[in-house]
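Residue numbers (the working numbering): 698 to 1064.
Next comes the structure, spelled out in structure tokens:
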């Protein structure tokens, strides 16, 4: 398609897309010439608009109407013609200050809520943020707290800082001293292992051969890790619904209302975010325009997504959902900037002692 388009056609397509993003109104040849002070006649522009329509890049509802971009037009613009804008320094400082002000005891949940709020505010779209998760859930720490001679509270903390608490029955009367001994044995034996590996150790009997009660407790550790593994993908945080409900795409198009319903279906959102981040590097951007997302409810929408976290380790996805008529040139650097902040936070929070001094910052300069 590039070879079939002249430089003038590319310029006109870029102007039509920019104008439609700003006004949500199709534009004709005469207005295009007047508004952008083009040094060519409306008749010449009209001929170029017709050629771009023939290429499938522009749409015209009827013969007397102006032109607006098609999905293909947006894709060509984003992939070939668009020049990314710089996030203003004042905006960068404001965002960094908001993260700096957040109380440290709010932890991961606080970061995610703040990220969703800031991203929705700056982009004017719906923000989507998945909590950090690891493809390899493992034990980080186990604690046993006696409640009575035959009951205890088990706390299993994972390498993703998720905590599973469960009340466990003890096969034998045990005081806190005995529970602490088992706790130490379990931490030494199970640290860094997933549920399958823990069950293998139980079957081998290397840790639990001296006590059926201890074997039962080890089984509870494996079950706690398995429960976290089953829900991997993390909590999904959203914000900014108010930003789009008044947009023409969401008020005039019945199909677009399906996109709003998705916000209440966290399973679907989790699937979108976890699947789309599979082929992306940390800090890289993926843009899904219209039907590219393969979800009917998003046919009139676009997604701008970035993965944050640590390479080949714990991380999540952050992005925005909005009409195809979104300001990509500013939204892309906005998503990338906040993803970079989250990468730093996650790297610091989940860095193992052996990783100290080896932290990497993952922010890509390419789409």
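Where a beta carbon is used, it is the ideal one built from N, C-alpha and C, also for glycine.
For residue 838, the beta-bridge partners assigned by DSSP are 854. In this structure, 890 is the residue among 750, 890, 881 and 799 with its C-alpha nearest to the C-alpha of residue 834. Among the bridge pairs identified by DSSP, residue 913 is matched with none. Residue 1005 has 1013 as its beta-bridge partners, per DSSP. With a beta-carbon spacing of about 5 Å, residue 919 and residue 892 fall inside the 8 Å limit used to define contacts. If you draw a 10 Å sphere on the C-beta of residue 1028, you find 16 or more other C-beta atoms in it, and that means buried. The residues 994, in chain order, have a CB closer than 8 Å to that of residue 958 in the same chain once the five nearest residues on each side in sequence are set aside. A direct Cα-Cα distance of roughly 20 Å separates residue 987 from residue 935.
In this structure, residue 709 lies near residue 749, with their beta-carbon atoms less than 9 Å apart. With a cutoff of 9 Å on beta-carbon distance, residue 882 and residue 904 are scored as near each other. Comparing alpha-carbon positions, the option among 1015, 725, 774 and 932 lying closest to residue 1031 turns out to be 1015. Under the 10 Å beta carbon count, residue 961 is surrounded by fewer than 16 other beta carbons and is classified as exposed. By the neighbour-count criterion, in which a residue is buried when 16 or more other Cβ atoms sit within 10 angstroms of its Cβ, residue 856 is buried. For the 9 Å CB-CB criterion, residue 867 and residue 914 form a contact. Per DSSP, reduced to three states, the secondary structure at residue 863 is strand. Secondary structure at residue 1024: coil, using DSSP grouped into helix, strand and coil. Residue 924 and residue 785 have their C-alpha atoms roughly 44 Å apart. Just measuring C-alpha positions, the residue of 992, 761, 824 and 847 sitting nearest residue 968 is 992. Remark: three or more beta-carbon pairs, one from each stretch, lie closer than 8 Å, so the segment 716-731 and the segment 751-770 are flagged as touching. Put simply, of 765, 719 and 781 the residue whose alpha carbon is nearest the alpha carbon of residue 1026 is 781. The alpha carbon of residue 922 has as its nearest neighbour, out of 852, 983 and 707, the alpha carbon of 852. Taking the Cα of residue 984 as reference, the smallest distance to any Cα among 894, 1021, 964 and 1007 is reached at 1021. Here the segment 730-737 makes no contact with the segment 765-779; the two share fewer than three CB pairs at distances below 8 Å.
Under the DSSP definition of a beta bridge, residue 826 partners with 934 and 1015. In the structure shown, residue 758 adopts coil according to DSSP, grouped into three states. Annotated three-state conformation of residue 795 is helix, per DSSP. By alpha-carbon distance to residue 718, the top candidate from 816, 871 and 945 is 945. Between residue 1019 and residue 1043, the C-beta gap is not smaller than 9 Å, which leaves the two residues out of contact.
Considering only 779, 783, 816 and 933, the residue with the shortest C-alpha distance to residue 796 is 816. With a beta-carbon spacing of about 7 Å, residue 982 and residue 1001 fall inside the 8 Å limit used to define contacts.
A check of alpha carbon separations from residue 768 across 1023, 854 and 702 identifies 1023 as the nearest.
Shown here, residue 875 sits in a helix according to DSSP, grouped into three states. When the five nearest sequence neighbours on each side are left out, the beta carbons in the same chain lying within less than 6 Å of the beta carbon of residue 809 are those of 826, 828 and 934, in order along the chain. Using a 10 angstroms sphere on the CB of residue 917, the tally of other CB atoms reaches 16 or more, which defines it as buried.
Beta-bridge analysis with DSSP links residue 843 to 849. Inclusion of residue 937 and residue 812 in the CB contact set at 9 Å is not warranted, their separation being larger than that value.
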